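Chemist: Submitted below is the structure of interest, expressed as structure tokens.
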Amino acid sequence: MAEKKTLRQEFSKGLIKENPVLRLVLGTCPTLATTTSLESAIGMGLSVILVLVCSNIVISALRKVIPEKVRIPCYIVVIAGFVTVVQMLVKGFLPDLDKQLGVYLPLIVVNCIILGRAEAFAGKNPVLASACDGLGMGVGFTAALALMGGIRELLGSGSLLGFQILPEAISPMTIFVLAPGGFFVFGMLMACANKLAERKGKPKAQLSCQGCPLSETCSIAEKTACQKAKEEK
Numbered sequence: 014m015a016e017k018k019t020l021r022q023e024f025s026k027g028l029i030k031e032n033p034v035l036r037l038v039l040g041t042c043p044t045l046a047t048t049t050s051l052e053s054a055i056g057m058g059l060s061v062i063l064v065l066v067c068s069n070i071v072i073s074a075l076r077k078v079i080p081e082k083v084r085i086p087c088y089i090v091v092i093a094g095f096v097t098v099v100q101m102l103v104k105g106f107l108p109d110l111d112k113q114l115g116v117y118l119p120l121i122v123v124n125c126i127i128l129g130r131a132e133a134f135a136g137k138n139p140v141l142a143s144a145c146d147g148l149g150m151g152v153g154f155t156a157a158l159a160l161m162g163g164i165r166e167l168l169g170s171g172s173l174l175g176f177q178i179l180p181e182a183i184s185p186m187t188i189f190v191l192a193p194g195g196f197f198v199f200g201m202l203m204a205c206a207n208k209l210a211e212r213k214g215k216p217k218a219q220l221s222c223q224g225c226p227l228s229e230t231c232s233i234a235e236k237t238a239c240q241k242a243k244e245e246k
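Going by my numbering, the sequence shown opens with residue 14, and the numbers climb by one from there.
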């Protein structure tokens, strides 16, 4: 029973408590770029789920074999393999979605959410727990993208998934499907998430180097850590 409870917690933490977009502020670039419509947002989210779960499983299974000094290149090779498979499937069966996602589909290889979970969790935990962690983070990422994509498509074009929702008498605000609209919706969702976290006595989400797999060797991360230590003193 204890193991089932632990696995459930590993899955559920990525939904709200450690949502990669609204709480950890990871994957911001694909979040803003692929949420111009609900369809592209869901497509991107499902692609990330597949890559994240599969790569977490393989990396966790090989965690005792992968040399410490080359772990990041090994992680990237594993992730790139699954991204290639996903890209080929999307190109073959969903060409329209492939055009919508564009370059952001192959760029999943260097998505900080996937690299971050490989470094912070899959490389240190058993296979089943890593699979649950990847699934939870992926679902949380997809939910955040779908929410943003739905809001932007509804307000920007008056439709959802190709179906007209708003009356024709109401003119859509096309700015919401442009870059400024993406930043505005993202900021509003972040503000709501921070407000809910504040009510529960939890710290607000803020951009940091915590989720980056290269933070241990990055000079920027080191400088940020030093500044934080000085502020605490």
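Where is the CB? At the ideal position from N, CA and C, for every residue including glycine.
Being a predicted model, the structure only gives us computed values, none of them experimental.
Measuring CB atoms only, is the stretch 23 to 36 touching the stretch 99 to 107, in the sense that at least three cross pairs come out at less than 8 Å?
Modeler: No: the two stretches stay apart, fewer than three of their Cβ pairs being nearer than 8 Å.
Chemist: What three-state label does DSSP hand residue 172 in the structure shown?
Modeler: If DSSP states are grouped into helix, strand and coil, residue 172 belongs with the strands.
Chemist: Would you please state the rounded distance, in angstroms, between the beta carbons of residue 140 and residue 70? I believe it to be under 8 Å.
Modeler: With 8 Å as the limit, residue 140 and residue 70 qualify as a contact, their Cβ atoms being about 6 Å apart.
Chemist: Please identify the residue among 203, 148, 108 and 115 whose C-alpha is closest to the C-alpha of residue 267.
Modeler: Given a span of 14 to 246 for the chain in the structure shown, any question on residue 267 remains unanswerable.
Chemist: Could you tell me whether the stretch 106 to 114 touches the stretch 51 to 58, using the rule of 3 or more Cβ pairs below 8 Å?
Modeler: Yes, the stretch 106 to 114 is in contact with the stretch 51 to 58.
Chemist: Tell me, please, whether the stretch 79 to 95 touches the stretch 150 to 163 by the rule of three or more beta-carbon pairs shorter than 8 Å.
Modeler: As far as the Cβ criterion goes, the stretch 79 to 95 does not touch the stretch 150 to 163, which means the pair count is below three.
Chemist: Name the one or two DSSP bridge partners that residue 177 has.
Modeler: Residue 177 is bridged to 172.
Chemist: Would you kindly work out how many angstroms separate the C-alpha atoms of residue 150 and residue 178, rounded to a whole number?
Modeler: Each residue's Cα considered, the two are about 30 Å apart.
Chemist: In this structure, does DSSP put residue 78 in helix, strand or coil?
Modeler: Residue 78 falls in the coil class under three-state DSSP.
Chemist: Taking DSSP as the reference, what is the three-state secondary structure of residue 182?
Modeler: Residue 182: coil per DSSP, three-state reduction.
Chemist: Secondary structure at residue 32, three-state DSSP: helix, strand or coil?
Modeler: Residue state, collapsed to three classes: coil.
Chemist: Which residue comes first and which comes last in the alpha helix (DSSP H) that contains residue 108?
Modeler: Element bounds for residue 108: 108 to 114.
Chemist: Counting pairs of Cβ atoms below 8 Å between the stretch 83 to 90 and the stretch 203 to 216, do you hit three or more?
Modeler: No, they do not touch.
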